[in-house]
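The structure appears below as structure tokens.
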Amino acid sequence: MRISSLARVWTSWASAPRRRCSVTQVHVTKGDGDVQCAQCGASIEVATSGRPRRYCGRSCQGKAYRARRDGVRPVRAQVGPVRRLSSRADVVRAAVALADAEGLDAVTIGLLARRTGVSARSLYRHVSGRDELVTAMVDAVLAAPRPAPPTGGGWRALVEHEARQEWSLYRRHPWALRALATTRPPLGVGVLAAVDRYFAALDALDHQSALAAYLTVSGYVQGMAMLTAAEADATRDTGVTNPQWWSTHLAKLAGAVDSGRYPWLTTLAQSAATQPTNLDTWFDFGLARVLDGLATYTNK
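Residue numbers (my numbering): 2 to 301.
Below is the structure:
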């Protein structure tokens, strides 16, 4: 093709009107087409063109995949009425509720905005990002009313009290374990106050010994809390409770139980039929042994 012909083609193409492709985001709620996340039931934003979305985010998409893989029906969170988030406290409360229902991974600015029916931009007026939001969430749950510490019993009673309060926190909000069981925890006022109470109880020890004792006790609490957090995640993702799971798997182990090769398994199977799993009882046993060890150390 000659240069002059190429120039004419280019001029013709450049001057032709363009078709602009645009996607308009529409927030569709119940009653406006009933477009909802197939996993949790929350309203989702859909495009006016292209393939329709089925899930509100990757978290729900992953849960739906695991549910199909395991052959269970999805467990939908209750979708309540959307309330206006007019303050930072409102945003934090909504984020805590989302984490309680779906875990800490579900807490993103985008997903929180979709679940509450507001724009992400409006949330950024109250928090600078996810890290600040998680710190505020931890401070909020740590600020909940708590029993008064014991007035007698010395350091052991005070440390036991703080350990039980930490355990209770993880039982109420399993997601808090993900936020706090790290060498880089959110350093909000709630976390600093909680650690300070431990150190106040251990003030008879030198600083390094008190730090080691605190890490020993809190590490035990967090280790046991991993079981509760994992149980909550598994129940939420599969719809199968812990007793149901063990009932199914112990039945599969019937041959091993009947063989008598594993006496402990026979005992476990017999007790499982009459006694539900009680993590609190196991926690009490372990905490007492940890405190016994610290008592031996402090009396040296």
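Ideal Cβ positions, reconstructed from N, Cα and C, are used throughout, including at glycine.
Which residues in the same chain have their Cβ closer than 7 Å to the Cβ of residue i, if we skip the five residues on either side of it in sequence?
i, result
"residue 106", "60"
Let me make sure I understand the geometry here. Which of the options has the alpha-carbon closest to that of residue i?
i, options, result
"residue 86", "261, 143, 282 and 119", "119"
"residue 62", "98, 103, 97 and 92", "103"
"residue 173", "141, 260 and 198", "141"
"residue 237", "205, 252, 58 and 64", "64"
"residue 144", "170, 241 and 153", "170"
"residue 168", "269, 262, 249 and 225", "225"
"residue 177", "203, 253 and 97", "97"
"residue 101", "139, 115 and 88", "139"
"residue 289", "217, 258 and 266", "217"
"residue 88", "293, 249, 211 and 134", "134"
"residue 286", "222, 38, 179 and 269", "222"
"residue 249", "148, 270 and 292", "270"
Quick check: what's the CA-CA separation for residue i versus residue j?
i, j, result
"residue 299", "residue 284", "22 Å"
"residue 163", "residue 90", "26 Å"
"residue 186", "residue 132", "10 Å"
"residue 123", "residue 137", "17 Å"
"residue 112", "residue 93", "14 Å"
"residue 184", "residue 220", "11 Å"
"residue 126", "residue 191", "23 Å"
"residue 181", "residue 260", "44 Å"
"residue 195", "residue 232", "25 Å"
"residue 155", "residue 146", "23 Å"
"residue 153", "residue 128", "42 Å"
"residue 209", "residue 130", "35 Å"
"residue 240", "residue 234", "10 Å"
"residue 254", "residue 242", "19 Å"
"residue 193", "residue 245", "40 Å"
"residue 56", "residue 67", "14 Å"
"residue 95", "residue 54", "24 Å"
Run through DSSP, which three-state label would residue i get?
i, result
"residue 263", "coil"
"residue 208", "helix"
"residue 297", "helix"
"residue 136", "helix"
"residue 147", "coil"
"residue 56", "coil"
"residue 119", "coil"
"residue 127", "coil"
"residue 183", "coil"
"residue 191", "helix"
Do residue i and the ligand ATP come close, with the Cβ less than 7 Å from some heavy atom?
i, result
"residue 148", "The model on display carries no ligand, and the ligand ATP is accordingly not part of it."
Answer with yes or no whether the minimum CB distance from residue i to chain C is below 8 Å.
i, result
"residue 110", "In the structure shown, chain C cannot be found, because there is only a single protein chain."
Apart from the five residues on each side of it in sequence, which residues of its chain come closer than 8 Å, Cβ to Cβ, to residue i?
i, result
"residue 228", "280"
"residue 188", "136"
"residue 151", "158, 159 and 162"
"residue 99", "107, 108, 112, 113 and 116"
"residue 206", "214 and 299"
"residue 296", "157"
"residue 263", "257"
Query raised in the report: Are the segment 191-210 and the segment 153-171 in contact at 8 Å, needing three or more beta carbon pairs?
Result: The segment 191-210 makes contact with the segment 153-171; the number of CB pairs closer than 8 Å reaches 3 or more.
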